[in-house]
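Student: Protein chains in written order, with this note's numbering: chain A, 1 to 312; chain B, 1001 to 1312.
Don't be surprised by glycine CBs; every beta carbon is placed ideally from N, CA and C.
Number of protein chains: 2
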Amino acid sequence: MLDVAIIGGGPAGLTAGLYATRGGLKAVTMFERGMPGGQIMNSSEIENYPGVPTVMSGMDMMAVWPEQCSRFGLKHEMITVERISLNNDGTFKIHKEDGTNEDAFSVIVGTGSTPRRAGFKNEDKFFGRGVSTCATCDGFFYKNKEVTVIGGGDTALEEAIYLSTICSKVYLVHRRDNFRAAPSTVERVFKNDKIEVLLNSRPDEVFGDDMGVSGIHISTPNGIRTLNTTGVFIFVGNDINNAVLKQADGSFLCNLNESGEVIVDLNMRTNIKGLYATGDMRLDAPKQVVCAAGDGAAAAIDAISYFMEHKN
Amino acid sequence: MLDVAIIGGGPAGLTAGLYATRGGLKAVTMFERGMPGGQIMNSSEIENYPGVPTVMSGMDMMAVWPEQCSRFGLKHEMITVERISLNNDGTFKIHKEDGTNEDAFSVIVGTGSTPRRAGFKNEDKFFGRGVSTCATCDGFFYKNKEVTVIGGGDTALEEAIYLSTICSKVYLVHRRDNFRAAPSTVERVFKNDKIEVLLNSRPDEVFGDDMGVSGIHISTPNGIRTLNTTGVFIFVGNDINNAVLKQADGSFLCNLNESGEVIVDLNMRTNIKGLYATGDMRLDAPKQVVCAAGDGAAAAIDAISYFMEHKN
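(1) According to DSSP, is P11 of chain A part of a helix, a strand, or is it coil?
(2) If you scan the segment 9–75 of chain A from start to end, which runs of the alpha helix (DSSP H) of 4 or more residues do you find wholly inside it?
(3) D89 of chain A to E1158 of chain B, Cα distance in whole Å?
(4) Taking the alpha-carbon of P203 of chain A as reference, which of A:T100, A:G23, A:I150 and A:V290 has the nearest alpha-carbon?
(5) Alpha carbon to alpha carbon, how far is S1106 of chain B from A1005 of chain B?
(6) Which full runs of the beta strand (DSSP E) of 3+ residues lie inside the segment 1135–1168 of chain B, going along the chain?
(7) Just mark H310 of chain A as buried or exposed, buried being the case when its beta carbon has 16 or more other beta carbons within 10 Å.
(8) Identify, in the order they occur along the chain, each residue of the same chain with its Cβ nearer than 6 Å to the Cβ of G1139 of chain B, setting aside the five sequence neighbours on each side.
(9) Go ahead and label F233 of chain A buried or exposed: buried means 16 or more other beta carbons lie within 10 angstroms of its beta carbon, across all protein chains shown.
(10) Between the Cα of Q247 of chain A and those of A:G13, A:K194, A:I94 and A:Y49, spot the shortest distance and give me the residue it belongs to.
(11) Does any C-beta atom of chain B lie closer than 8 Å to the C-beta of F140 of chain A?
(12) List the residues that DSSP assigns as beta-bridge partners of E77 of chain A.
(13) Would N1257 of chain B and D1302 of chain B qualify as a contact pair, given that the criterion is a beta-carbon distance under 8 Å?
(14) Taking a cut of 7 Å between CB atoms, which residues from the segment 1278–1293 of chain B lie near chain A?
(15) Do three or more CB pairs link the segment 1007–1023 of chain B to the segment 1068–1076 of chain B at distances below 8 Å?
(16) Please identify the residue among A:G112, A:N144 and A:R83 whose C-alpha is closest to the C-alpha of D103 of chain A.
(17) Whole angstroms are fine: how far does the CA of F1092 of chain B sit from the CA of M30 of chain A?
(18) Can you grab the Cα-Cα spacing for the pair A27 of chain A / F1141 of chain B, in whole Å?
(19) Please report the distance separating the alpha-carbon of T1278 of chain B from that of V1262 of chain B.
(20) Taking 8 Å as the cut-off, decide whether the C-beta atoms of V170 of chain A and A160 of chain A are in contact.
(21) Nearest CA to the CA of R1129 of chain B: which residue from B:S1057, B:P1183, B:A1063 and B:R1033?
(22) R1225 of chain B lies in the beta strand (DSSP E); which residues open and close that run?
(23) Using a beta-carbon distance below 8 Å, is Y171 of chain A in contact with chain B?
(24) For the segment 239–269 of chain A, which residues have a beta carbon sitting closer than 9 Å to at least one beta carbon of chain B?
(25) Alpha helix (DSSP H) containing F307 of chain A: first to last residue?
(26) Could you work out which residue in B:F1207, B:I1240 and B:N1200 is closest to N1222 of chain B when comparing CA atoms only?
(27) Considering Cα atoms alone, identify which of A:M1, A:S219, A:G8 and A:A12 is closest to P286 of chain A.
(28) Using a Cβ cut-off of 7 Å, pull out every chain B residue sitting near A298 of chain A, in sequence order please.
(29) Mark D1209 of chain B as exposed unless 16 or more other C-beta atoms lie within 10 angstroms of its C-beta, in which case mark it buried.
(30) Are there 16 or more other CB atoms within 10 angstroms of the CB of F126 of chain A, so buried, or fewer, so exposed?
(31) List the endpoints of the continuous beta strand (DSSP E) containing V1197 of chain B.
(32) Is S1184 of chain B helix, strand or coil when you go by DSSP?
(33) Between the segment 1029–1063 of chain B and chain A, which residues of the former have a C-beta closer than 7 Å to a C-beta of the latter?
(34) Can you say whether E1097 of chain B is buried or exposed, counting buried as having 16 or more other CB atoms within 10 angstroms of its CB?
(35) Give a yes or no on whether the C-beta atoms belonging to E1205 of chain B and N1122 of chain B are separated by under 8 Å.
(36) So, under 8 Å CB-CB, T100 of chain A and P115 of chain A are touching, yes? Tell me the CB distance rounded to an integer number of Å.
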């Protein structure tokens, strides 16, 4: 039986592994099918992880994490976990995609979230090189430049307002004729001199070169309009990767909110004892590497106490 | 008027400054009388800040933070803030020790906590070089070695149990004849083969050399006993540095718990709009650099939203 099973190998899972093993737990396995590092690996530039002052790619920044986090005995099993279930004695069962399973005394889940794509041409090709889904992360790279925002919900509008304080101009492109956002937010958008709203409009294609995006073609009611913005921010929804918590009967192992985010306390505890949720999948996640890493440490520290109290 | 005033220059305050300024806020000042970096600056070794794989001193690790966090316009005012008060319009007043004051639209407090000293000879001299107040931070450096724990409350006993999974032996030294801790915890201590309890005993003096601690003299009912442990962990209480929140009438600006920790939500919001608490001073703080930094980022991101909503 594992002392702690960690599901997900992003900053949260890696840090949880570092803290759980360095804190004396012996049987700790991180389940991550791919290369550890998480969503930030797709980012071409990161400069806001404190303590790493050099601007570098997400992949370069994360390169040192797996060795550091595995130094104290963390094991990495390269397999997808399909489901976590609760055993009768309060321990957990980890159901793996190959049909085998493993028991764990506690589980720290950090499977992240997946921002939805808008579905225009070259979107994936330029993702992380001009196409972004995070204004906090990437907005500053477009300081005093023009950017395009795609979306019409609360997040899109709030992020457009956020970007307007950094960028010289924000084009806000929405496919419908009105916004599905809080009236006060909509009012702030229309009152904002730096935001130009393009309603009934859809992005067709981003274009660019080896340096990244140089512009985007938009279908508008008046024909194609080309916006020569080097930054394109997409806010058309976010899927929480909570599938591992889904039970055979369709219910979830622990409490989620209406957006599918896992409800946690300050120690990243869910409502099920011994089960933790960390990083971008949890309620109110700031969606930053340093925050996900902090979550992983907090969860592991609590999981160690839980282990000491009940297992020793 | 400041957009955000940051009180404290540890990992939480520095990261809050990085995120607030990089997020487009113009007038952001961090108030910290001394050198920024926080309590970790006293630590001789840190190896669990993810992304910084080299084992180094706290001072060396923090050396790059001030420049990185100030790169986007964060100002540093080297003065002690005595008190934060609420203005009638919901903004805040920062009262400085020189008698001047400054208004701020929102405030992020990260003034930390101060572990109490036990009061034995050479305690300060060897602090960070064998004398520690954090088992999560420093326990691993004594893997398969003997350590001494000073204290008799819940924290001391829980940390002694924690250390017993890493270390070969733990001496638990307490000045009274019984422990002031939960009965189940006391029972686990007495059942633990690796913990030797010394009651009615006080530490007199640690001794060592340039390499750090080599042992400690303990006054016991049977005379002086010398424990040749290179690690001495002190858990005799922790003072939350919440003085800046104390008002002229003795009340506090926001809700605290019975230990003096500031009650916050997952966004580090206190019960007063625009006022945030971060790092070791807040409820359930894991007291780790990465967690404090995550708090600073979370608070700053929320403070930017708060600013956009109410100020623009």
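Tutor: In this structure, then:
(1) Numbered from 1 along the first sequence, position 11 holds the residue referred to as residue 11 of chain A. In the structure shown, P11 of chain A sits in a helix (DSSP, three-state: H, G or I).
(2) Correct list: 11–22, 58–62 and 65–70.
(3) Stepping through the first sequence from its first residue, residue 89 of chain A is reached at position 89. Stepping through the second sequence from its first residue, residue 1158 of chain B is reached at position 158. About 24 Å.
(4) Start at 1 with the first residue of the first sequence, and residue 203 of chain A comes out as number 203. Of A:T100, A:G23, A:I150 and A:V290, the residue nearest in Cα terms is A:I150.
(5) Counting from one through the second sequence, the residue named residue 1106 of chain B turns up at place 106. Counting from one through the second sequence, the residue named residue 1005 of chain B turns up at place 5. If I take the Cα positions, the gap works out to 6 Å.
(6) Under the rule that a run must span 3 or more residues, the beta strand (DSSP E) segments found entirely inside the segment 1135–1168 of chain B read 1146–1150.
(7) To locate residue 310 of chain A, count along the first sequence from 1; it is residue 310. Counting other Cβ atoms within 10 Å of its Cβ, H310 of chain A stays below 16 and is therefore classed as exposed.
(8) Taking the second sequence and counting its residues from 1, one reaches residue 1139 of chain B at position 139. Take G1139 of chain B, set aside five residues on each side of it, and the residues of its chain with a beta-carbon closer than 6 Å to its own are L1163 and I1166, in chain order.
(9) Taking the first residue of the first sequence as position 1, residue 233 of chain A is located at position 233. Classification for F233 of chain A: buried.
(10) Looking up residue 247 of chain A in the first sequence gives position 247. Out of A:G13, A:K194, A:I94 and A:Y49, A:I94 has the C-alpha closest to the C-alpha of Q247 of chain A.
(11) By 1-based counting over the first sequence, the position of residue 140 of chain A is 140. True, the Cβ-Cβ gap to chain B drops below 8 Å.
(12) Residue 77 of chain A sits at position 77 when you count from the first residue of the first sequence. In the DSSP output, where bridge partners are listed per residue, E77 of chain A has A:F31.
(13) Here the question's residue 1257 of chain B lines up with position 257 in the second sequence. Here the question's residue 1302 of chain B lines up with position 302 in the second sequence. Cβ distance not < 8 Å, so N1257 of chain B and D1302 of chain B don't count as in contact.
(14) Listed by position, the residues of the segment 1278–1293 of chain B near chain A (Cβ gap below 7 Å) are L1283, D1284, P1286, Q1288, V1290, C1291 and A1293.
(15) For the pair of segments examined, the segment 1007–1023 of chain B was found to touch the segment 1068–1076 of chain B: the number of CB pairs separated by less than 8 Å reaches three.
(16) Looking up residue 103 of chain A in the first sequence gives position 103. If we check each option's Cα against that of D103 of chain A, A:R83 comes out closest.
(17) For the purposes of this step, residue 30 of chain A is identified with residue 30 of the first sequence, where counting begins at 1. For the purposes of this step, residue 1092 of chain B is identified with residue 92 of the second sequence, where counting begins at 1. Near 45 Å, if we compare the C-alpha coordinates of F1092 of chain B and M30 of chain A.
(18) Residue 27 of chain A sits at position 27 when you count from the first residue of the first sequence. Residue 1141 of chain B sits at position 141 when you count from the first residue of the second sequence. Spanning the two alpha carbons is a distance of roughly 20 Å.
(19) Stepping through the second sequence from its first residue, residue 1278 of chain B is reached at position 278. Stepping through the second sequence from its first residue, residue 1262 of chain B is reached at position 262. One alpha carbon belongs to T1278 of chain B, the other to V1262 of chain B, and they sit about 9 Å apart.
(20) Along the first sequence, one-based indexing puts residue 170 of chain A at 170. Along the first sequence, one-based indexing puts residue 160 of chain A at 160. Yes.
(21) What you label residue 1129 of chain B is simply residue 129 of the second sequence in a count that begins at 1. Sorting B:S1057, B:P1183, B:A1063 and B:R1033 by C-alpha distance to the C-alpha of R1129 of chain B places B:S1057 at the top.
(22) For the purposes of this step, residue 1225 of chain B is taken as the residue at position 225 of the second sequence. Per DSSP, R1225 of chain B belongs to the beta strand (DSSP E) from G1223 to L1227.
(23) Position 171 of the first sequence holds residue 171 of chain A. Closer than 8 Å: no.
(24) Correct list: V264, D265, L266 and N267.
(25) Stepping through the first sequence from its first residue, residue 307 of chain A is reached at position 307. In the DSSP assignment, F307 of chain A falls within the alpha helix (DSSP H) that extends over V289 to K311.
(26) By 1-based counting over the second sequence, the position of residue 1222 of chain B is 222. Comparing Cα positions, the closest option is B:N1200.
(27) Working through the first sequence from its first residue, we reach residue 286 of chain A at position 286. Of the listed residues, the one whose Cα sits closest to P286 of chain A is A:A12.
(28) As a working mapping, residue 298 of chain A is identified with position 298 in the first sequence. Ordered by position in chain B, the residues that pass the 7 Å Cβ test against A298 of chain A are P1286 and C1291.
(29) By one-based count along the second sequence, residue 1209 of chain B stands at place 209. Looking at its Cβ environment, which holds fewer than 16 other Cβ atoms inside 10 Å, D1209 of chain B is exposed.
(30) What you label residue 126 of chain A is simply residue 126 of the first sequence in a count that begins at 1. Buried, by the Cβ-count rule.
(31) As a working mapping, residue 1197 of chain B is identified with position 197 in the second sequence. I1195 to L1198 is the extent of the beta strand (DSSP E) around V1197 of chain B.
(32) Residue numbering aside, residue 1184 of chain B sits at position 184 when the second sequence is read from its first letter. In the structure shown, S1184 of chain B sits in a helix (DSSP, three-state: H, G or I).
(33) The segment 1029–1063 of chain B vs chain A, Cβ under 7 Å: N1048, Y1049, P1050, G1051, V1052, P1053 and M1061.
(34) The residue labelled residue 1097 of chain B in the question sits at position 97 within the second sequence. Burial check for E1097 of chain B: the Cβ neighbour count within 10 Å stays below 16, so the residue is exposed.
(35) As a working note, residue 1205 of chain B is residue 205 in the second sequence. As a working note, residue 1122 of chain B is residue 122 in the second sequence. The answer is yes: Cβ separation under 8 Å.
(36) Within the first sequence, the letter at position 100 stands for residue 100 of chain A. Within the first sequence, the letter at position 115 stands for residue 115 of chain A. Contact flag wrong, Cβ pair sits at about 32 Å.
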